[in-house]
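Colleague: Attaching a single structure in structure tokens format; questions to follow.
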């Protein structure tokens with residue numbers, strides 16, 4: 001399968017990866033020949049890129065870090081929990097997590113186990129979901145990334161469980177914010193942005209009252225928008241004043257935010273998301289955490305067409321674990337001429353690098 005920009009797809013192209021809504025229902029089934037109408041629908045749904053079938057990449061696959069069944073269970077549990085909170089309102093919902101907390105903890109434990117048992121690097125491009133409420137899938141994605149980083153850093157099971165729960169609930173304060181502001185497709189004015197920023201305080205105040213949750217989980221909600229240089233919110237704390245869990249979740253949160261499909265902007269590719277993190281390394285983000293993230297995530301995902309520094313063109317066919325920016329490339333063009341495909345391993349050919357990516361179909 002090959003990763004391409006939705007806007008570049010030609011009618012008749014075959015979809016290689018099923019697209020779901022956040023209830024797990026199939027919106028567009030893989031194997032479908034895409035018509036002009038369906039392509040327009042994909043674009044209107046805010047889907048930036050998809051996987052398509054072609055002969056050169058038929059044997060290239062991308063696997064989700066967690067099973068489809070667990071993804072659906074997590075999505076439904078988060079949706080049920082957050083929707084109930086939103087329905088009851090901020091002042092009347094202190095009992096909800098007492099009922100749902102065990103479900104959320106169990107899901108975090110399952111995510112931990114599946115990531116630990118999966119030797120592949122993390123890539124969420126296989127999971128293309130269309131949702132009316134971004135917070136549901138975002139919460140799951142940030143949990144997956146946070147646990148993957150924690151594993152790379154060698155954290156204990158107890159710490160991974162706390163981080164996973166904190167990540168799952170880091171944006172819970174947004175449940176209590178006016179949805180018209182939260183889902184606004186246009187630029188927020190200063191007053192609206194201040195309302196959005198209040199989700200950190202709202203989340204902290206709500207979670208710290210939950211007797212069955214560690215207080216650290218509340219601090220994850222409180223501090224995940226704080227930055228090392230004090231430029232974050234809500235308190236503008238800096239350096240060692242930030243808890244390590246919040247530093248870690250903050251990195252996962254930013255990466256998922258910029259690489260997720262949104263109706264009002266195109267998603268960045270993983271290597272572009274990583275560039276955002278590196279631009280803020282040391283000043284905004286903990287460099288050790290960014291480095292651990294880089295080792296955990298498929299920077300150049302399978303199926304992505306790339307150009308190499310020596311002028312060759314190829315497609316990423318396989319990952320090298322812990323060297324996620326040095327994958328195995330299936331070369332199909334040299335000096336602008338098509339050649340019989342062959343593979344090179346960038347982990348062993350150190351004088352060749354990826355210089356650009358191509359999403360044209």
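Numbering (full-length UniProt numbering), first residue to last: 1 to 361.
A virtual CB, placed ideally from N, CA and C, is assigned to each residue, including glycine.
It should be emphasised that the depicted structure is a prediction, and the values quoted were computed from it without experimental measurement.
Beta strand (DSSP E) containing residue 355: first to last residue?
Modeller: Looking up residue 355 in the chain shown gives position 355. Start and end: 354-358.
Colleague: Any idea what DSSP makes of residue 162, helix, strand or coil?
Modeller: Taking the first residue of the chain shown as 1, we reach residue 162 at position 162. Note: residue 162 maps to helix in three-state DSSP.
Colleague: Can you round the beta-carbon distance between residue 60 and residue 1 to whole angstroms, since I take them to be within the 8 Å contact cut?
Modeller: Position 60 of the chain shown, counted from the first residue, corresponds to residue 60. Position 1 of the chain shown, counted from the first residue, corresponds to residue 1. Their Cβ separation, rounded to whole angstroms, is 6 Å, which keeps residue 60 and residue 1 in contact under 8 Å.
Colleague: Suppose the cutoff is 7 Å on Cβ atoms and the five residues either side in sequence are ignored; what does the same chain contact list for residue 108 look like?
Modeller: Counting from one through the chain shown, the residue named residue 108 turns up at place 108. Hits under 7 Å: 143, 161, 164, 165, 168.
Colleague: Are the stretch 36-51 and the stretch 80-91 touching by the rule of at least three beta carbon pairs closer than 8 Å?
Modeller: Too few Cβ pairs lie closer than 8 Å, so no.
Colleague: For residue 82 and residue 260, I'd like the C-alpha separation in whole angstroms.
Modeller: The residue given as residue 82 occupies position 82 in the chain shown. The residue given as residue 260 occupies position 260 in the chain shown. Rounded to the nearest angstrom, the two C-alpha atoms are 20 Å apart.
Colleague: Hey, out of 31, 312, 116, whose CA is closest to residue 338's CA?
Modeller: Translated into positions along the chain shown, residue 338 becomes position 338. Cα-wise, what sits closest to residue 338 is 312.
Colleague: State the DSSP-derived secondary structure class of residue 4, mapped to helix, strand or coil.
Modeller: Residue 4 sits at position 4 when you count from the first residue of the chain shown. Here residue 4 sits in strand by DSSP.
Colleague: Go ahead and pull the three-state DSSP assignment for residue 65.
Modeller: Translated into the one-based positions of the chain shown, residue 65 becomes position 65. Three-state result, residue 65: coil.
Colleague: Only counting the same chain, and skipping five residues up and downstream in sequence, which positions put a Cβ closer than 7 Å to that of residue 303?
Modeller: Position 303 of the chain shown, counting from 1, holds the residue named residue 303. 1, 2, 3, 51, 57, 60, 62, 315, 316.
Colleague: Just grab the DSSP bridge partners of residue 337 for me.
Modeller: As a working mapping, residue 337 is identified with position 337 in the chain shown. For residue 337, which the question treats as bridged, DSSP gives the partners 334.
Colleague: For residue 120, does the three-state DSSP call read helix, strand or coil?
Modeller: Indexing the chain shown from 1 puts residue 120 at position 120. It is coil, neither helix nor strand.
Colleague: Would you kindly report the start and end of the unbroken beta strand (DSSP E) that includes residue 26?
Modeller: Within the chain shown, numbered from 1, the residue matching residue 26 stands at position 26. Start and end: 26-28.
Colleague: For residue 194 and residue 10, I'd like the C-alpha separation in whole angstroms.
Modeller: Sequence index remark: in the chain shown, residue 194 carries index 194 (1-based). Sequence index remark: in the chain shown, residue 10 carries index 10 (1-based). Rounded to whole angstroms, residue 194 to residue 10 spans 43 Å at the Cα level.
Colleague: Could you pull out every unbroken alpha helix (DSSP H) segment of at least 4 residues lying fully inside the stretch 161-212, listed in chain order?
Modeller: Segments of the alpha helix (DSSP H) lying fully in the stretch 161-212: 179-182, 190-197, 199-207.
Colleague: Taking DSSP as the reference, what is the three-state secondary structure of residue 299?
Modeller: Residue numbering aside, residue 299 sits at position 299 when the chain shown is read from its first letter. Three-state DSSP puts residue 299 in coil, outside helix and strand.
Colleague: In the structure shown, what three-state DSSP assignment does residue 245 receive?
Modeller: Here residue 245 refers to the residue found at position 245 of the chain shown. Three-state result, residue 245: helix.
Colleague: Measuring straight from C-alpha to C-alpha, what distance separates residue 241 and residue 295?
Modeller: By 1-based counting over the chain shown, the position of residue 241 is 241. By 1-based counting over the chain shown, the position of residue 295 is 295. Answer to the nearest angstrom: the Cα atoms are 26 Å apart.
Colleague: Between residue 204 and residue 122, what straight-line distance do the alpha-carbon atoms span, to the nearest angstrom?
Modeller: One-based indexing of the chain shown puts residue 204 at position 204. One-based indexing of the chain shown puts residue 122 at position 122. Going from the Cα of residue 204 to the Cα of residue 122 covers about 29 Å.
Colleague: For residue 329 and residue 346, which I take to be in contact (beta-carbon distance under 8 Å), what is that distance rounded to the nearest angstrom?
Modeller: If you number the chain shown from 1, residue 329 lands on position 329. If you number the chain shown from 1, residue 346 lands on position 346. About 6 Å separates the two Cβ atoms, so the contact holds.
Colleague: Measuring alpha carbon to alpha carbon, tell me which of 55, 112, 15 ends up nearest residue 341.
Modeller: In the chain shown, residue 341 corresponds to position 341, counting from 1. Checked all of 55, 112, 15; the closest Cα to residue 341 is 55.
Colleague: Return the chain-ordered list of same chain residues with a C-beta closer than 6 Å to the C-beta of residue 252, the five sequence neighbours on each side being excluded.
Modeller: Translated into positions along the chain shown, residue 252 becomes position 252. Closer than 6 Å at Cβ, skipping near neighbours: 142, 145, 146.
Colleague: What span of residues does the beta strand (DSSP E) with residue 305 cover, start to end?
Modeller: The count along the chain shown starts at 1 and reaches residue 305 at position 305. Looking at the DSSP string, the run of the beta strand (DSSP E) that includes residue 305 is 305-308.
Colleague: Does DSSP put residue 153 in a helix, in a strand, or in coil?
Modeller: Taking the first residue of the chain shown as position 1, residue 153 is located at position 153. Correct three-state label for residue 153: coil.
Colleague: Assign residue 343 to one of three DSSP states: helix, strand, or coil.
Modeller: Your numbering for residue 343 matches position 343 in the chain shown. Note: residue 343 maps to strand in three-state DSSP.
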